[in-house]
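Novice:
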Amino acid sequence: MRMDKRYIKGLFNIRRTAAFINYFRCRKISTLNVKPSQDEDSLEFYSRFSPCALSLKKFLDFGYKDGSSRESYGFLQKELPVRLANIMKEINLLPDHLLKMKSVALVMSWYQQSFRELIEFEKKKFDPKILDCFTSTLVQIRNRHSNVVETMAQGVMELKEQHGIDSNTENRIQYFLDRFYMSRISIRMLINQHTLLFGKKEKNNDPRHIGCIDPNCNVSSVVQDAYENARFLCEQYYLAAPELQIVNKNCSVICDFKDLIEHIYHVVFPQNAMRAATEYHIQDGPIPPLHVMIVKGQEDLSIKISDQGGGIPRSKLDLLFQYMYSTAPQPARSDIDSAPLAGYGYGLPLSRLYARYFQGDIVLTSFEGYGTDAIIYLKVMSSEANEMLPVYNKTASRVYHTNIPVNDWSSPWATNQRTFCSHTKMKTPEKLNT
């Protein structure tokens, strides 16, 4: 994807955009220009500032205007250390046993190294050579972090095998992983946008795209592409796979819809639906097709993926978005550089994060004994699609030291609701007062 060189100036034009005005206001830019004292750690320093959430509209609007590498460098020079510092402070709040796991220690070392490399540009003024060095550093950071998801997952699995995981620890890990992976998505977004413009040109770059954003996204085509790849995996394992039927409502084949193709692909990848339908019907008859409906409304673009894979018990619906729950066999232990992802149970939780990154969501509705509907919501208005970013503060840090509250209902499942903010699940009291 080749990126229009006009992108960055709009995105990072401090003089002309409200986003940058808010960015500097929230950080009190005069404070950012103050050199940290010798006794003050850089990580502590940058973690004091909140990340600046940009909207998809900002990325698009500014992408159509002339941009400058100077403004891109100036923004990322401060924003990337802030985003890294915020999530690194939360890593340190994880349970001690988890921090001692080999895989988690490796992930921590990657983040520490990346943070040190970015801080080296803290005082360097812009010039073409510095820009080239900075862009190369961003590419190295992106490559270094390519296996973060799998490696962190393996660390959690190591903890479970060696020490076990109680409900309080599971709750904290769930809370952390949502924030950790969302932070990673946002950092890669900024790095990709910069490197696509100022890095080495790649043959696969599409000149019609603004970085990794397609201003005229063919949603049906993305769904079809995701299906073909999932079908290949399904046929490899089962020697069979369901067909696909797509229906478009209130939108043409190529919707006037703006989003990241890579993110939509992650969200609509129908591996779970195909596996369920194939396993449920492979012995006694033809496999019913997957039905996908794409509907564009005024607020949301909705994608419904329906399978006839037997459905899911209502008591297990919430578990499907838990990182430590999977219906697939647990993967075999592997070398750290090639840790597997299938079987960790990360498919749905990560897909929901990609949807929620720009204020979308995923909702599951199951008909036990028949099948499941997965409904994906994505914002139609790019002005409403704002980044959802984790912010390190006292409220966040308090979660890592708070136990799960005792359930105050006679039926524990009645309030066993997990939210994106807290992922709280209730403990059943040992003795109820009568």
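Everything in the sequence shown is counted per full-length UniProt numbering, starting at 1 for the first residue and increasing by one. Beta carbons: idealized from backbone N, C-alpha and C, even for Gly. Owing to the predicted nature of the structure, the values given are computational and were not obtained by experimental measurement.
1. My guess is that P349 and I305 are in contact by the Cβ rule of under 8 Å, so how many angstroms apart are they, rounded?
2. With H, G and I counted as helix, E and B as strand and the rest as coil, what does DSSP make of A355?
3. Please look up how many angstroms separate the CB atoms of F115 and M88, rounded, as I've assumed it's under 8 Å.
4. Our contact map puts R184 next to H209 with C-beta atoms below 8 Å; I'd like the distance itself, whole angstroms only.
5. So, using beta-carbon positions, are Q308 and Y370 closer together than 8 Å?
6. When burial is assigned at 16 or more other CB atoms within 10 Å of the CB, is P81 buried or exposed?
7. Between the Cα of T359 and the Cα atoms of I376, M388 and E158, which residue gives the shortest distance?
8. When you compare the CB positions of Y400 and R172, do they come within less than 8 Å of one another, or not?
9. Using DSSP with H/G/I as helix, E/B as strand and the rest coil, what is G371?
10. According to the neighbour-count rule (16 or more other Cβ atoms, all chains shown, within 10 Å of its Cβ), is A105 buried or exposed?
11. Rounding to the nearest angstrom, what Cα-Cα distance links Y237 and S55 in this structure?
12. With H, G and I counted as helix, E and B as strand and the rest as coil, what does DSSP make of K379?
13. Using only the alpha-carbon positions, how far apart do I376 and N407 sit?
14. Under 6 Å Cβ to Cβ from M3, same chain only, skipping five residues before and after it: list those, please.
15. Exposed or buried, what is N272 when buried is set at 16 or more other beta-carbons lying within 10 Å of its beta-carbon?
16. In whole angstroms, what separates the C-alpha of E316 from that of W110?
17. With distances taken between CB atoms, is the gap from Y357 to M108 smaller than 8 Å?
18. Please work out which residues of its chain come closer than 7 Å, Cβ to Cβ, to E170, disregarding the five sequence neighbours upstream and downstream, and give them in chain order.
19. Taking buried to mean at least 16 other C-beta atoms within 10 Å of its own C-beta, is D41 buried or exposed?
20. Can the beta-carbon of I261 be found less than 8 Å from the beta-carbon of I191?
21. For E384, which residues in the same chain have their Cβ closer than 7 Å to its Cβ, ignoring the five residues on either side in sequence?
22. Could you pull the DSSP bridge partners for H291 from this structure?
23. How long is the line joining the alpha carbons of H291 and D166, rounded to whole angstroms?
24. Sorted by chain position, which residues of the same chain lie with C-beta nearer than 6 Å to L177's C-beta, five sequence neighbours on each side aside?
25. With DSSP as the reference, label R363 as helix, strand or coil.
26. How close, in whole Å, do the beta carbons of R275 and C234 come, if the pair is a contact with beta carbons under 8 Å?
27. Secondary structure at D408, three-state DSSP: helix, strand or coil?
28. Using DSSP with H/G/I as helix, E/B as strand and the rest coil, what is D178?
29. If we ignore side chains and look at the alpha-carbon of each, how far apart do Y73 and L131 end up?
30. Going by beta-carbon coordinates alone, are S220 and N248 separated by less than 8 Å?
31. Might you give, ordered along the chain, the residues of its own chain that have their beta carbon closer than 8 Å to the beta carbon of R188, omitting 5 neighbours on each side?
32. Given this structure, state the Cα-to-Cα distance separating Y354 from H263, to the nearest angstrom.
33. Look up L348 in the DSSP assignment and say whether it is helix, strand or coil.
34. Report the rounded CA-to-CA distance for A230 versus A240, giving the unit in angstroms.
Specialist: Checking against the coordinates, here is how it stands:
1. Not really, about 17 Å apart at Cβ, beyond 8 Å.
2. Three-state result, A355: helix.
3. Contact flag correct, Cβ pair sits at about 7 Å.
4. Contact between R184 and H209 does not hold, since their C-beta atoms are separated by about 22 Å, which reaches or exceeds 8 Å.
5. In this structure, Y370 lies closer than 8 Å to Q308 by Cβ.
6. By the neighbour-count rule (16 or more Cβ atoms within 10 Å), P81 is buried.
7. Inspection of the sequence shows that residue 359 is occupied by Gln rather than by Thr. Measuring C-alpha to C-alpha distances from Q359 to each of I376, M388 and E158 identifies M388 as the nearest.
8. By the CB criterion at 8 Å, Y400 and R172 fall inside the cutoff.
9. Strand.
10. Around the beta carbon of A105, fewer than 16 other beta carbons sit within 10 angstroms, so the residue counts as exposed.
11. Cα to Cα, Y237 sits roughly 41 Å from S55.
12. DSSP places K379 within a strand segment (E or B) once states are collapsed to three.
13. Cα to Cα, I376 sits roughly 31 Å from N407.
14. Confidence at M3 is low in this model, with a pLDDT of 41, below 50, so its placement is unreliable and no value can be given for it.
15. In this structure N272 is buried. Its beta-carbon is surrounded by 16 or more other beta-carbon atoms within 10 angstroms.
16. Note on residue identity: the sequence assigns Lys, not Glu, to residue 316. As the crow flies, the alpha-carbon of K316 is around 35 Å from that of W110.
17. No, they are not a contact pair.
18. Excluding five sequence positions before and after E170, the CB atoms of its chain that fall closer than 7 Å to its own CB belong to M324, given in chain order.
19. With fewer than 16 Cβ atoms within 10 Å of its Cβ, D41 is classed as exposed.
20. Cβ atoms of I261 and I191: not closer than 8 Å.
21. For E384, same chain residues with a beta-carbon under 7 Å away, outside a window of 5 residues either side, are Q359 in chain order.
22. H291 is bridged to Q245 and S306.
23. Between H291 and D166, the C-alpha separation is close to 39 Å.
24. Answer for L177: Y323, listed in chain order.
25. First, the amino acid is wrong: residue 363 is Val here, not Arg. Look at V363 here: in three-state DSSP terms it is strand.
26. Right, the Cβ-Cβ distance comes to about 7 Å (below 8 Å), so this counts as a contact.
27. Looking at D408 - three-state DSSP - the assignment turns out to be coil, as it is neither helix nor strand.
28. For D178, the secondary structure class from DSSP, reduced to helix, strand or coil, is helix.
29. It is roughly 7 Å from the alpha-carbon of Y73 to the alpha-carbon of L131.
30. By the CB criterion at 8 Å, S220 and N248 fall inside the cutoff.
31. Excluding residues within five positions, the ones whose Cβ falls inside 8 Å are R142 and H145.
32. Answer to the nearest angstrom: the Cα atoms are 6 Å apart.
33. Helix, per DSSP.
34. The alpha-carbon atoms of A230 and A240 are separated by roughly 12 Å.
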